[in-house]
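Undergrad:
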Amino acid sequence: MHGFLHAGILVRDLPRAREFYGRLLGLPEIPRPDLGFPGAWYGLGAFQLHLIVPPPDRSVGDAAERFAGRVRHLAFRVGGFEPLVERLEREGHPFWPAAPAPDGARRGFTRDPDGNVLELVEAPPAPK
């Protein structure tokens, strides 16, 4: 193995998910090829987050068996931790603080509009 490339999560309402991941979390959307189904991709350094809209006759929790899994959450290192938490809560996305990360960074959990759990971990301060 050489690294972690991307994670794909299911969403039902793509415009609402784009609003959450793009505007609220500040992730930059990157070009996505036509794959024959709706979705959006976001770039985070060498990592990508893929939003996938399932066919209308399937629930968000019902994926094709070959793609079904049990991912509990995705974790992101974030700058501007306090302002982000305040924005999330102001816009109706509760934030649940957790014990500090092993490096002492503040962290906690929230959910996207489709119920996917996200862990947000405070980025270390920039070196002076």
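Position one of the sequence shown corresponds to residue 0 (numbering that gives the first Met the number 0), numbered consecutively onward.
Just so it is clear, CB atoms sit at the ideal spot from N, CA and C, and this is done for glycine as well.
Taking Val10 as the reference, give the member of Asp111, Gly103, Lys127, Leu119 with the closest Cα.
TA: Nearest option by C-alpha distance: Asp111.
Undergrad: Cutting at 6 Å between CB atoms, please list the residues of its own chain near Glu88, excluding the five before and the five after it.
TA: The answer, listed in chain order, is Phe94.
Undergrad: Taking buried to mean at least 16 other C-beta atoms within 10 Å of its own C-beta, is Leu83 buried or exposed?
TA: Buried.
Undergrad: Please state whether the Cβ-Cβ distance between Ala39 and Arg15 is less than 8 Å.
TA: Not a contact, by the Cβ cut-off of 8 Å.
Undergrad: Strictly by DSSP, which residues pair up with His5?
TA: Bridge partners of His5: Gln47.
Undergrad: Just the Cα atoms here: how many angstroms apart are Pro55 and Ile8?
TA: Each residue's Cα considered, the two are about 16 Å apart.
Undergrad: Should Leu71 go down as buried or exposed, given a rule of 16 or more other Cβ atoms within 10 Å for buried?
TA: The question names Leu, but residue 71 is Arg in the sequence shown. It counts as exposed.
Undergrad: If you measure between the beta carbons of Tyr20 and Leu50, is that distance less than 8 Å?
TA: Result yes, Cβ atoms of Tyr20 and Leu50 sit closer than 8 Å.
Undergrad: Using only alpha-carbon positions, find the residue among Gln47, Gly2, Leu26 that is nearest to Val77.
TA: Ranking the options by Cα distance to Val77, first place goes to Leu26.
Undergrad: Roughly how many angstroms lie between the CA atoms of Leu4 and Phe36, to the nearest whole one?
TA: Each residue's Cα considered, the two are about 21 Å apart.
Undergrad: Relative to the C-alpha of Glu85, which candidate in Leu119, Pro126, Leu48 has its C-alpha closest?
TA: Ranking the options by Cα distance to Glu85, first place goes to Leu119.
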